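Peer 1: In the numbering used here, the protein residues as written are 545 to 638.
Idealized CB from N, CA, C, for every residue including glycine.
Because the structure is a prediction, the values reported are computed rather than measured.
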């Protein structure tokens, strides 16, 4: 509930760019599904949505451009999660 309130207060200012840091952490499956749907809808509405996560499942659900910061501080952008893991299905919940 606290996350919903925090997100609602941020969205009232209608930002163009929104950063979500580990948005699925400590959420039950129903709220995780809500968050994923929200991220998709915000992006479809033209918002830039930046998500930091260690959870590959959120990436497979959204399948956005992906930027990885490696332990040696290299940064690499991929157009799709499929470019990183060719056997994309191993992570997919669909």
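Leaving out five residues before and five after residue 612 in sequence, what residues of the same chain have Cβ atoms less than 6 Å from its Cβ?
Peer 2: 620
Peer 1: Can you tell me which of 610, 627, 623, 564 puts its alpha carbon nearest to the alpha carbon of residue 586?
Peer 2: 564
Peer 1: So, residue 599 versus residue 568, is the Cβ gap smaller than 8 Å?
Peer 2: yes
Peer 1: On the DSSP letters alone, give me the boundaries of the beta strand (DSSP E) that residue 596 sits inside.
Peer 2: 592-596
Peer 1: Looking only at DSSP bridge pairs, what is residue 622 linked to?
Peer 2: 610
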